[in-house]
Amino acid sequence: LPKKTIQVKYGLNHVTALVEQKKAKLVVIAHDVDPLELVVWLPTLCRKMEVPYIIVKGKARLGQVVRKKTSAVLALTEVRSEDKAQLANLAKAARENFNNNESTRRTWGGGLLGVKSRHQKAIKDRTRAREE
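Residues in the sequence shown are numbered from 522 upward in steps of one, following my numbering.
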């Protein structure tokens, strides 16, 4: 049997399947995918499955890697034995900067109430104070 060739996997459905099977060692996502809804859930899936991911500038750059015009996502499943240390360093950096970085995630609200809500709360607090 011929040796298994080392390839870069691409395509959203293929990469999703690789992440779900935990076969992907590193996922590369383009920042300019249109519509964005195609890949907006992929970082969450990567975090859940503990697969490192990075977001890079330009889907055309990813396309050059796979010899296509554009590519929204790539996945590395295997590398040559001499490149495993570099992949480990890249995966470590991806985990630090993307997977485990709380500041990159979207946060909702700031614990501040709007003007109307503050007035309503003040009225409720005053009525409770009168009752006591």
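Heads up, the beta-carbon is just placed ideally off N, CA and C, and yes, glycines get one too.
Test item: CB-CB of L547 and V594 under 8 Å: The residue given as residue 547 occupies position 26 in the sequence shown. The residue given as residue 594 occupies position 73 in the sequence shown. Taking 8 Å as the Cβ cut-off, L547 and V594 do not qualify as a contacting pair.
L634, DSSP secondary structure in three states: Position 113 of the sequence shown holds residue 634. Note: L634 maps to coil in three-state DSSP.
Sheet register partners of A596 (DSSP bridge): Position 75 of the sequence shown, counted from the first residue, corresponds to residue 596. Paired residues: K530, V548.
Pairwise C-alpha distance: L563 and D537: As a first step, residue 537 must be located in the sequence shown, where it is residue number 16. As a first step, residue 563 must be located in the sequence shown, where it is residue number 42. Just to set this straight, residue 537 is Thr in the shown sequence, not Asp. Those two C-alpha atoms are separated by around 8 Å.
Helix, strand or coil at V577 [DSSP, three-state]: In the sequence shown, counting from the first residue as 1, residue 577 sits at position 56. Reduced to three states, the DSSP call for V577 is strand.
Helix, strand or coil at E541 [DSSP, three-state]: What you label residue 541 is simply residue 20 of the sequence shown in a count that begins at 1. In the structure shown, E541 sits in a helix (DSSP, three-state: H, G or I).
D489 (DSSP reduced to helix, strand or coil): There is no way to answer for residue 489, as the model of the chain reaches only from 522 to 653.
Same chain only: Cβ atoms within 7 Å of D553, ignoring 5 sequence neighbours per side: As a working mapping, residue 553 is identified with position 32 in the sequence shown. These residues qualify, in order along the chain: G579, K580.
At least 3 beta-carbon pairs within less than 8 Å: the segment 585-600 vs the segment 634-649: no
Buried or exposed (CB count within 10 angstroms, at least 16 for buried), S592: As a first step, residue 592 is located in the sequence shown; it is residue number 71 there, counting from the start. Looking at its Cβ environment, which holds 16 or more other Cβ atoms inside 10 Å, S592 is buried.
beta-carbon V549 near the ligand HEM non-hydrogen atom, thresh 7 Å: Absence of the ligand HEM is noted for the structure shown, with no ligands found whatsoever.
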